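Some notes on the structure that comes next.
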Amino acid sequence: MEEIIQKLDKYLSIQRPDYYSELNEPLDDSQLDKLEEYYKIEIPKDLRTLYKWKNGQKPTCYEAFVNNSCFIPLHQALYDASELTSMTGLDFDIENWWNKYWIPIFQNGGGDSICFDLEGIFTEQKGQLIEFWHADNDRNVISPTLETFLSKIIDLYETKDKEDFDEYFEIEEIENYPKKFFLE
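So for the sequence shown, my numbering puts the first residue at 25; every next one is plus one.
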């Protein structure tokens, strides 16, 4: 994962320098430990590595990191997850409309997220990335791991010239993904 993060850092700083300057400073182990303690959660190694690289993007930056979604600071992601979890059984009465094991790390600003799945809901693959749509019944698992997803972002940066880069892009070419699930 460290090598993936180093490559991502290199490509973002070269291909999207204006966006790169809008990324927040990284979290350190002490800050991550405090968030774990406050939210009573264990942050997996890959997620810790991501946030030790950069803690999301600044709140005044609306440019997409990936899939038309912004990279959310970890404190905001954990807060949002706790708020959504509190709605389970009240506003969310369909099983897995929201799941307490999801952490929304990328959000589109319209209530939809790409979440890191701590438990592997639907597939038993812990650490997978799943799409949460606030108004739709599909819950697609879009990547088996965060590392795989970030690798596909790097692949895109490696194959596009800086002048051809459009900030809106989707990662869609992960073998055997997405895995589609529909809630009723």
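For glycine and all other residues, C-beta sits at the position ideal for the given N, C-alpha and C. Computed from a predicted structure; not experimentally measured.
- For Gln-81, the number of other beta carbons within 10 angstroms of its own is at least 16, and it is reported as buried.
- Pro-83 and Gly-113 have their alpha carbons spaced roughly 30 Å apart.
- Contact check for Asn-91 against Ile-145 fails: the beta carbons are separated by 9 Å or more.
- With fewer than 16 other beta carbons inside 10 angstroms of its own, Gly-134 counts as exposed.
- About 6 Å separates the CB atoms of Ala-88 and Cys-94; that is less than 8 Å, so the two are in contact.
- Ala-105 and Tyr-125 have their C-alpha atoms roughly 8 Å apart.
- One thing to note: Ile-195 has its Cβ no nearer than 9 Å to the Cβ of Leu-207.
- Cβ-Cβ separation between Trp-77 and Asp-117: approximately 38 Å, too far for a contact (criterion under 8 Å).
- Counting other Cβ atoms within 10 Å of its Cβ, Tyr-75 reaches 16 or more and is therefore classed as buried.
- Leaving aside the five residues that flank Gln-131 on each side, the residues in its chain whose CB is nearer than 7 Å to its CB run, in chain order, Ser-93, Cys-94, Ile-96 and Ser-137.
- Secondary structure of Trp-126 (DSSP, three-state): strand.
- Judged by DSSP secondary structure, Ser-45 falls outside any beta strand (DSSP E); it is assigned neither H nor E.
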